[in-house]
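*Asks:*
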Amino acid sequence: MEHLEEYLVDTCGLTGSQALKASKKLSHLKSATKPDAVLALLSVVGLYRADLAAVVATEPRLLCARADSITGRFASLRHIAGLSDPQIGSFLLAGGAVHFYSCDVSAKLAFWIQFLGSFERLLKILKRNYSSLSSSLDKVSKPNIALLLRCGLSVCDIVTISQNAAWVLTFNPVHCEHRCP
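Next up, the structure:
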């Protein structure tokens with residue numbers, strides 16, 4: 082796409098340095114069709130100029146996603162994770178865009194919202210460590226929770242600890258198994 086950096090500045094609200102960095106991940110774009118469609122969909126969930134810039138700067142590849150994929154993922158976030166449009170926008174701003182462009186994370190979000198007790202607690206954790214969405218629930222997160230429970234922590238304790246040390250939910254369980262019975 083000709084004048085990609087200008088597009089990113091003018092249409093997405095990125096700074097010149099952000100546009101330069103983002104354009105390296107978007108050099109294969111041939112037209113503004115996909116990015117325009119994605120930006121229109123992002124505005125549906127309440128993301129406007131400053132928020133769009135933050136999301137695109139964090140994950141420029143989101144602009145390469147197919148509109149029908151984004152629409153499907155939004156629907157999944159609404160129906161499976163129970164998120165409202167403003168919550169979807171907050172999720173993307175908290176770093177969720179990093180995973181959102183390539184896969185449906187609704188089931189993971191639903192698990193974490195239920196486990197943590199609120200969407201707001203999940204957002205706090207995502208802002209510190211968004212890798213909880215890339216970690217396998219069955220191979221990493223759930224075994225970590227089980228390990229911490231075996232060590233005598235309650236679910237409430239785990240939730241409290243994870244708000245300040247989100248890594249406890251995504252560390253390799255093998256490294257800590259010898260510390261608990």
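Each residue of the sequence shown is one higher than the last, beginning at 82 in this note's numbering. Glycine residues also receive a C-beta, built at the ideal position from the N, C-alpha and C atoms. Remember, it's a predicted structure, so these values are computed and weren't measured experimentally.
Which two residues bound the contiguous alpha helix (DSSP H) that contains Lys208?
*Replies:* Residues Phe200 to Arg209.
*Asks:* Looking at the structure shown, is Gly127 part of a helix, part of a strand, or coil, going by DSSP?
*Replies:* Reduced to three states, the DSSP call for Gly127 is coil.
*Asks:* Can you tell me the Cα-Cα spacing of Arg154 and Phe181, whole angstroms?
*Replies:* Taking the straight line from one Cα to the other gives about 8 Å.
*Asks:* Under 6 Å from any heavy atom of the ligand MG, does the C-beta of Ala175 make it?
*Replies:* The ligand MG is absent from the structure shown, which contains no ligands of any kind.
*Asks:* Does the pairing of the segment 122-134 with the segment 167-178 give three or more beta-carbon distances under 8 Å?
*Replies:* Flag = yes, the segment 122-134 and the segment 167-178 touch.
*Asks:* Please check the pair Ser243 and Leu234, which I expect to be a contact at CB under 8 Å, by giving their CB distance rounded to whole angstroms.
*Replies:* Not really, about 10 Å apart at Cβ, beyond 8 Å.
*Asks:* Closest to Lys111 by CA distance: which of Cys145, Asp132 and Gly177 is it?
*Replies:* If we check each option's Cα against that of Lys111, Cys145 comes out closest.
*Asks:* What's the C-alpha gap between Leu89 and Val255?
*Replies:* The straight-line gap from Cα to Cα measures roughly 43 Å.
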